[in-house]
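*Asks:* Got a structure here, written out as structure tokens. Questions coming.
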Amino acid sequence: MSDLEITPQIKQELLNKYAPHVYKVKSSDGNKEYLITLARNHFACSCPDATYKNLNKDGTRKKEIHYCKHQRQLALELLRGG
């Protein structure tokens, strides 16, 4: 399976086509279920691997988003027409 880097353009394309929507995904071991939310400017997963760091220590905003494997896989499936 190829890995997709989610760029701001890809995120926007997904939001334009599929938001608002919540997708359920299974963990790799199949024991847990996570929710991926596509809404407005929001593309988030409820798993612990997804991190969204918006503030520096001094309180200024920074954009450092790590998309988890669930988000990358879902984006890949949606972009392929899934």
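Numbering (our numbering), first residue to last: 2 to 83.
Idealized CB from N, CA, C, for every residue including glycine.
(1) Beta-carbon within less than 8 Å of L79's beta-carbon, same chain only, minus the 5 sequence neighbours each way: which residues are those?
(2) The alpha helix (DSSP H) with A76 in it runs from where to where?
(3) Give the straight-line distance between the Cα atoms of H22 and R73, rounded to the nearest whole angstrom.
(4) DSSP three-state label for E34, please.
(5) In whole angstroms, what separates the C-alpha of H67 from that of L39?
(6) Per DSSP, A45 is paired with what?
(7) If we ignore side chains and look at the alpha-carbon of each, how far apart do Y35 and D59 end up?
(8) Quick check on I7: does DSSP put it in helix, strand or coil?
*Replies:* Based on what the coordinates show:
(1) L15, K18, Y19
(2) 70 to 80
(3) 16 Å
(4) strand
(5) 16 Å
(6) T38
(7) 32 Å
(8) coil
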